[in-house]
Every structure is written in structure tokens, then in C-alpha cells.
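Asker:
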Amino acid sequence: MLPSSMHAMAVASSQRRLVRVEKPVPHAHGHEVLVRVLACGVCRTDLHIIDGELPPHRMSVVPGHEVVGRVVARGRQAGQFAIGQRIGIPWLGQACGHCAFCAMDRENLCDHPIFTGYDRDGGFAQYAVADARFCFALPDRYDDAHAAPLLCAGLIGFRAWRLAGAAVPRRLGLYGFGAAAHIICQVAVARGQEVYAFTREGDEAGQAFARSLGAAWAGGSAQMPPLPLDAALIFAPVGALVPTALAATGKGGTVVCAGIHMSTIPAFDYRLLWGERVLKSVANLTRADGEAFFKLVAELSLHTHVQTFALDDANAAIQALRDSTVSGAAVLVP
Ligand SMILES: [Zn+2]
Ligand SMILES: [Zn+2]
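Per this note's numbering, the sequence shown starts with residue 321, numbered consecutively.
1) The beta strand (DSSP E) spanning E342 covers which residue range?
2) Are the stretch 465-478 and the stretch 615-633 in contact at 8 Å, needing three or more beta carbon pairs?
3) Could you give the residue range of the beta strand (DSSP E) that holds S601?
4) Can you tell me whether DSSP reads T569 as helix, strand or coil?
5) So what's E524 in DSSP terms, helix, strand or just coil?
6) Can we count E524 as close to ligand 2, meaning its CB is less than 8 Å from some heavy atom?
7) In the DSSP assignment, find the unbroken alpha helix (DSSP H) run with V651 in it and report its ends.
8) Measure the C-alpha to C-alpha separation of A359 and F444 and round it to an integer number of angstroms.
9) What are the uninterrupted segments assigned as alpha helix (DSSP H) that are 4 or more residues long and contained completely in the stretch 436-499, given in chain order?
10) So which residues touch the region around ligand 2, with touch meaning a C-beta under 7 Å from any heavy atom?
11) Going by alpha carbons, who is nearest to G512 out of G534, R520, T569?
12) With a Cβ-Cβ cutoff of 9 Å, do I638 and L338 count as a contact?
13) Let me check understanding here. Comparing Cα to Cα, which of E427, L599, A393 lies closest to A578?
14) Please name the residue, chosen from Y495, A500, R461, G493, that lies closest to R479 on a Cα-to-Cα basis.
15) Hey, out of T569, H418, L652, S621, whose CA is closest to E596's CA?
16) Can you check DSSP and say which residues form a bridge with Y516?
17) Where does E427 fall in DSSP's three states?
18) Does DSSP classify S325 as helix, strand or coil?
19) Express the C-alpha separation of S647 and A634 in angstroms, rounding to a whole number.
20) Please state the DSSP three-state secondary structure of L620.
21) With DSSP run on the structure shown, which of helix, strand or coil describes A637?
22) Considering Cα atoms alone, identify which of C422, R453, L475, P410 is closest to E352.
23) Could you name the residues whose beta carbon sits closer than 5 Å to any heavy atom belonging to ligand 1, keeping them in chain order?
24) For a quick check, are the C-beta atoms of I585 and L553 less than 9 Å apart?
25) With three or more beta-carbon pairs closer than 8 Å as the criterion, would you say the stretch 417-424 touches the stretch 386-396?
26) Shortest alpha-carbon distance to G498 belongs to which of A650, A332, A603?
27) Measure the alpha-carbon distance for V473 versus V387 and round it to whole angstroms.
28) Do S380 and V345 have their C-beta atoms closer together than 9 Å?
29) If distances are taken between C-alpha atoms only, which option among L475, L471, A551, G404 comes closest to A567?
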């Protein structure tokens with residue numbers, strides 16, 4: 321028997337923090353599944369939502385879009401997952417299926433998307449509903465807490481890595497060595513790439529962490545790598561890293577901005593872009609990205625580093641992420 325109410329952590333407008341709320345356990349209709357949340361990662365996007373850096377889409381929303389949950393109920397049309405199955409709910413909760421972008425297999429750019437933990441309640445709760453067509457089966461080799469950061473940090477990192485031409489770069493720079501970079505570092509190393517990890521100046525623990533995961537070089541973000549990069553992924557929300565990363569990247573190289581929000585990019589000399597360097601952003605994910613990524617991580621033996629917090633301690637997790645004191649990813653466990 322399912323309880324009728326649950327507790328959740330919801331955005332308190334203009335307070336830059338979450339408040340504990342009681343809510344009815346939602347019902348699964350149509351294509352939806354209801355899951356009991358087993359773990360939910362905390363992503364930097366959640367911070368941008370809580371801090372109002374992204375415009376609010378819904379009052380008192382429950383954030384969380386790295387949801388690992390067990391299916392406890394299904395709508396009539398939600399056939400693809402069994403009751404009792406463990407699944408992952410990602411950021412892209414739904415795409416409209418008929419806009420020009422959806423028609424081009426670019427549902428990550430859908431004109432009418434529904435995002436988990438932004439347009440609809442997410443996983444900072446005991447239960448959550450999701451459109452099953454946008455959820456993923458999860459490989460067994462990752463337990464609940466260790467699987468959670470794969471759902472956004474891993475998945476968006478993977479899309480950014482592919483946009484950089486995953487097969488091409490030999491020397492890959494990662495700017496900001498948090499949840500996403502620590503996963504993509506391992507993927508890139510497993511694919512024979514040399515990883516150059518850039519952290520905040522003086523963050524020796526972060527640099528040692530990067531080396532322990534196979535980075536060939538680690539240093540402060542103002543440092544130049546010993547050799548020009550073939551591609552760079554910027555995970556830190558710091559616009560000043562754009563010219564820095566372009567300067568560190570060789571001719572024909574690609575710099576990808578992987579975050580949903582970034583501070584203003586300072587003006588820079590055209591010579592930093594000259595030489596057919598490419599600068600692009602990555603937005604959201606497609607289901608095809610998820611299928612490819614979870615197939616890959618089922619084959620690789622990645623080790624996600626997580627720091628777990630109780631659901632009621634979500635504000636402590638948010639603060640730790642804000643202070644960059646989390647090594648790897650913060651994960652809430654109800
Ligand atoms: Zn995210
Ligand atoms: Zn669409």
C-alpha cells in the first residue's frame with residue numbers, strides 16, 4: 321500500500337534555500353510511472369533554480385533531475401518498465417514530439433520541453449512521477465547513490481564530450497573538475513585520450529583527485545597546458561574560462577560550454593577563435609544520448625565518487641556544492 325502523503329524539499333522563492341513540505345504522493349497517469357525515490361543527485365542546475373539564476377517555471381517546485389527510483393505504479397500506457405524495476409529519471413522529462421527540432425531528432429532543443437525538477441516536481445522527495453518514455457533502465461553494476469550522478473553529470477558530460485568530437489581529440493581539457501568532469505575524465509581515459517584537468521587556482525585536492533582518476537596533467541585554470549588541447553569542455557559556470565580555454569586549444573579545436581548558465585563572457589581577441597576553432601554550447605539531452613551513454617557505462621567500470629546526504633539535509637548538500645567542497649557528486653538519499 322502506498323502512503324497518501326510524502327515529504328519533499330521544495331524551492332522557497334527568494335530565500336536561496338529549500339523548505340521541507342508535505343505533499344500528496346502523486347498518481348501515475350497515461351505514460352507515467354510513479355517511483356519510490358532511492359537516491360537523487362544534486363546538480364549545479366538545481367542551484368541555479370534555487371538561486372533564481374534561471375527564471376522560475378513553477379512555484380515551489382521540488383528540484384532534482386538525477387533520480388534513481390523503483391517503479392511502484394504505472395499509468396495504463398506505461399508498459400516499458402515493470403513494477404519493482406529500478407529506473408533513472410533525467411532532466412528531459414518530456415519533449416513535444418512535433419516541433420521542428422523534435423522532427424529533426426533534436427529533441428534536446430524542443431520548443432515545448434518539460435524538465436524534471438523545473439517544470440514538474442523532481443526527485444528531492446520520497447516519490448516522483450515521470451513520463452516512462454523519457455526514463456532509462458540503469459546498469460546493475462552501479463548502486464543507487466553511485467548511479468544518480470550518471471543521470472545528468474554523466475549524461476550531459478557525455479553529450480558535451482561527443483559534441484567535442486569524442487573520437488577525434490587526443491588531448492582533452494576539462495575546466496571545472498566536479499561531478500561531470502570526474503565521470504567524463506574516466507570515460508575519456510578509457511578511450512585512450514589524455515585528460516588535462518583545470519581546477520580553481522590552488523585547489524590541490526581537486527588536482528590530486530583528477531590525477532587519481534587518470535588525468536595526465538592537472539593545474540589551475542589560469543595555467544596553460546604543456547601542449548595545446550584538441551578540445552576543451554567547460555563545466556564551471558564561469559564565462560572568463562571561455563577565452564582561457566580557447567587560448568589553450570590548438571587550431572581546429574573545439575571548446576564546449578556544458579552548463580545551462582554561465583557568467584558573462586568577457587570580450588576577447590578574434591585571434592583566439594581564428595584557426596577554425598569552434599565554440600559551442602550543449603543543451604539538455606536526447607533519449608538517444610541516454611541509451612548510448614548507459615550502454616557505454618555498463619561496459620566501463622567507472623567509479624563515481626559521491627557524498628551522500630539525507631533528504632532533510634538537502635540545504636547542506638546545496639551549500640557544499642555552492643562552496644565546491646564536494647569531491648565528486650552530492651547525492652540525497654530519502
Ligand atoms: Zn543537471
Ligand atoms: Zn518538440
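Just so you know, even glycine gets a beta-carbon here, dropped at the ideal spot from N, CA and C.
Answerer: According to the data block:
1) 337-344
2) yes
3) 598-601
4) strand
5) helix
6) no
7) Segment 649-653 is the beta strand (DSSP E) holding V651; no alpha helix (DSSP H) there.
8) 9 Å
9) 464-467, 473-483
10) A415, C416, G417, H418, C419, F421, C422, E427, C430, D431, H432, P433
11) G534
12) yes
13) L599
14) A500
15) T569
16) G493, W537
17) helix
18) strand
19) 16 Å
20) coil
21) helix
22) R453
23) C363, T365, C472
24) no
25) no
26) A650
27) Going by the sequence as given, residue 473 is Ala instead of Val. Cα-Cα distance, rounded: 12 Å.
28) no
29) A551
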